[in-house]
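Engineer: To convert, note that position 448 of the sequence shown is 1605 in our numbering; the numbers rise steadily by one, no gaps. To start, I am sharing the structure in question, which I have written as structure tokens.
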Amino acid sequence: MTDRVIIFDTTLRDGEQSPGCSMNTPEKLEVAGALVELGVDVIEAGFPIASPGDFEAVQAIARKFGDRTTICGLARCRDEDIDRAAAALHDAPRRRIHVFLATSSIHRQYKLKMDKAEIVQRAVESVERAKALCDDIEFSPEDAARTELDFLVEVVEKAIAAGATTVNIPDTVGYATPAQYFNVISHLKKNVANISQAVISSHCHDDLGLAVANSLAALEAGARQVECTINGLGERAGNAALEEIVMALRTRGDYYGLTTGINTKRLCAVSRLVSGITGMQVQRNKAIVGRNAFAHEAGIHQHGMLQERTTYEIMRPEDVGFTGTNLVLGKHSGRHAFRDRLAHLGFTVDDDKFDQLFDDFIALADKKKDVYDSDIAALIENRTAEPADRWKLVSLHTSAGTGSVPTATLELKKGDEPVCCDAAIGDGPVDAVFHALGRITGIAVRLLNYQVRSLSVGKEAQGEVLVEVLYNNRTFHGKGVSTDIILASALAYLKALNKVEAHVAADGPHA
Ligand code: KIV
Ligand code: ZN
């Protein structure tokens, strides 16, 4: 048995399914690109039958990245799902169809209203159909962790005989515990006659906070693929967090003896990207990628760290690309220093992108004396996120204070059209800016959430603003960063409005 674990990322499918986390195609492409750079082995890009938008995104990802990593599309055990997944993946040299069908007695009785024999027959026919269209087939008996073991053995064995090359054992409702899930995987290894012809995979949800522990237990029992998401994004309490599994395997290599192909230095950057796009903020004390993950406050810890960092540190922040508040660069730092810092943060950019970023850096260093790693990470995110935006901010002016009516005057530009200018009043300068943006773009949304935080330390630190807006029962997120929080607010709100506009352009106003 190999000691190399296949990392199957489902941020764009299971993660994207969670409420408020939907992404548009350009955003999915951006995340897929970051996952390729991270080194994941399989990207589950979506569920092509679910909507034209899902199909388009899977197809775009398959076309762009299908020669660099395996792109996977999900399908129920239905002919039309399988054909649609195959069509979306068609142009990817490395592609996989993932078919699933529930097997637990609860799902058989209440959801599918099918008996065991019908389930087996449907699973086999579907795997065979998919196999005729694609060599690499994954089969998932949904709710496997609550399925009778003898029936699970039968379904898995027949799915492999029909052509499945990976058998995934989902803990769909996050019910399993580590020892029990270990036993399920061990049981399959022992009792499925043809198990050596397929890779066993784990897929754990975090309803009891056990998704990562269960995934690691599955690997101990012999699974060699693990399904996971960035930041543990996913339905309800989420899926197993990729960064936690990868760093557990790496940090405890002495115990697990397993490796992955992940470039761990990119973990924090991908985490920030996904959080910025979905608006799903990472809790401060989240393992690996939380802001406090490497903070040592207690005096006794600090003392130990100063003597020898391994007294209290089991991982080095730089190994996960952690961008803290290290003072790194200032106005007089040259191109070399800036390029070095980008490399240290795990970013390789081409010469054009580097020139743009360096200009941004100089502009920022003019405004604030000390530029931190977190500022540089924000510059990179700003540049990467730019092309999809239709409306761009040209200028902003606000006036506010006690005894006066807060007013905002803005100029925006949409493509090659002439600059549009308008003004509005509001409860405060931010409210006035939001009203003016709404008037100019003509996009009416409801603001659901507005948050500001400081990206580093000090009075001149950049502020990061996150907004969540509601349009036609769908939520859209935007992020803006600036040393001026009114400007950051305008950029964040405009980003969200741009997403609404792109959504309307793609799917119509009532989609
Ligand atoms: O949780 C689950 O069962 C799933 C399947 C589609 C694999 O996401
Ligand atoms: Zn799932």
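Virtual Cβ for every residue (Gly too), placed ideally from N, Cα, C.
(1) Output the distance between the C-alpha atoms of D1198 and D1211, rounded to the nearest integer angstrom.
(2) Sort T1168, M1158, F1165 and T1182 by Cα distance to A1659 and report the nearest one.
(3) Rounded C-beta distance between I1294 and G1320? I'm assuming under 8 Å.
(4) So what does DSSP say about Q1278, is it helix, strand or coil?
(5) Going residue by residue through the region 1394 to 1450, where are the continuous alpha helix (DSSP H) segments of at least 4 residues, counting only ones entirely within it?
(6) DSSP puts G1620 in a beta bridge; with which residues?
(7) Please classify L1567 as buried or exposed, where buried requires at least 16 other C-beta atoms within 10 Å of its C-beta.
(8) Just to confirm, are G1637 and A1649 a CB contact at a threshold of 9 Å?
(9) Specify the secondary structure class of K1549 as computed by DSSP and reduced to three states.
(10) Secondary structure at I1471, three-state DSSP: helix, strand or coil?
(11) Give the straight-line distance between the Cα atoms of N1655 and A1580, rounded to the nearest whole angstrom.
(12) Name the two residues that bound the continuous beta strand (DSSP E) containing T1566.
(13) Measuring only from the beta carbon, is T1435 closer than 8 Å to any heavy atom that is part of ligand 1?
(14) Just the Cα atoms here: how many angstroms apart are A1259 and T1168?
(15) Sorted by chain position, which residues of the same chain lie with C-beta nearer than 8 Å to R1265's C-beta, five sequence neighbours on each side aside?
(16) So is A1202 in contact with chain C if we call contact Cβ pairs under 9 Å?
(17) Are the region 1490 to 1505 and the region 1584 to 1594 in contact at 8 Å, needing three or more beta carbon pairs?
(18) On the DSSP letters alone, give me the boundaries of the beta strand (DSSP E) that R1170 sits inside.
(19) Any idea what DSSP makes of N1606, helix, strand or coil?
(20) In terms of alpha-carbon separation, which member of A1318, L1367 and T1323 lies closest to F1339?
(21) When the distance is taken between beta carbons, is T1226 closer than 9 Å to V1256?
(22) From what residue to what residue does the beta strand (DSSP E) around H1489 run?
(23) Under the rule that 16 or more other beta-carbon atoms within 10 Å means buried, what is Q1382, buried or exposed?
(24) DSSP on A1663, reduced to helix/strand/coil?
(25) If L1605 sits next to E1625, beta carbons under 8 Å apart, how far is it from one beta carbon to the other, in whole angstroms?
(26) Are three or more beta carbon pairs between the region 1326 to 1342 and the region 1278 to 1291 nearer than 8 Å?
(27) Residue range of the alpha helix (DSSP H) that S1598 falls in?
(28) Note down, one range per segment and in chain order, each alpha helix (DSSP H) of at least 4 residues found wholly within the region 1179 to 1212.
(29) Give the range of the alpha helix (DSSP H) segment to which R1148 is assigned.
(30) Ends of the beta strand (DSSP E) at D1122?
(31) Indicate the three-state DSSP secondary structure (helix, strand or coil) for F1495 in the structure shown.
(32) Could you tell me which residues DSSP pairs with R1252 in its beta bridges?
(33) Residues in its own chain within less than 8 Å of G1475 by CB, not counting five upstream and five downstream?
(34) Shortest alpha-carbon distance to Q1438 belongs to which of L1623, H1554 and A1444?
(35) Examine the Cβ distances between the region 1174 to 1190 and the region 1404 to 1420 and report whether three or more of them are shorter than 8 Å.
(36) Answer yes or no: the CB of F1165 versus the heavy atoms of ligand 1, is any distance below 8 Å?
Structural biologist: So, to answer that:
(1) 21 Å
(2) T1182
(3) 5 Å
(4) Residue state for Q1278 is assigned as helix, using DSSP reduced to three classes.
(5) 1399 to 1408, 1410 to 1413 and 1424 to 1435
(6) S1611 and S1639
(7) L1567 should be labelled buried.
(8) Annotated as proximal: G1637 and A1649, with beta-carbon spacing under 9 Å.
(9) strand
(10) coil
(11) When only Cα atoms are considered, N1655 and A1580 end up about 19 Å apart.
(12) Note, T1566: beta strand (DSSP E), T1564 to K1571.
(13) no
(14) 21 Å
(15) A1259, M1271, D1272, K1273 and I1276
(16) Reference to chain C is not applicable here, since this structure consists of a single protein chain.
(17) Touching, no, given that fewer than three Cβ pairs across the two stretches are closer than 8 Å.
(18) No beta strand (DSSP E) contains R1170, which DSSP labels as neither H nor E.
(19) Note: N1606 maps to strand in three-state DSSP.
(20) Answer by Cα proximity: L1367.
(21) no
(22) Note, H1489: premise wrong, no beta strand (DSSP E); not H, not E.
(23) buried
(24) Three-state result, A1663: helix.
(25) 5 Å
(26) no
(27) Reading the sequence as shown, one finds Thr at residue 1598 and not Ser. P1586 to T1598 is the extent of the alpha helix (DSSP H) around T1598.
(28) 1182 to 1195
(29) Lying outside 1158 to 1668, the shown extent of the chain, residue 1148 is not represented and no answer is given.
(30) Only positions 1158 to 1668 of the chain appear in this structure, which leaves residue 1122 out of reach.
(31) In the three-state DSSP reduction, F1495 falls in the helix class (H, G or I).
(32) DSSP lists I1228 as partners of R1252.
(33) Reading the sequence as shown, one finds Glu at residue 1475 and not Gly. Same-chain partners within the cutoff: K1422 and H1501.
(34) L1623
(35) no
(36) no
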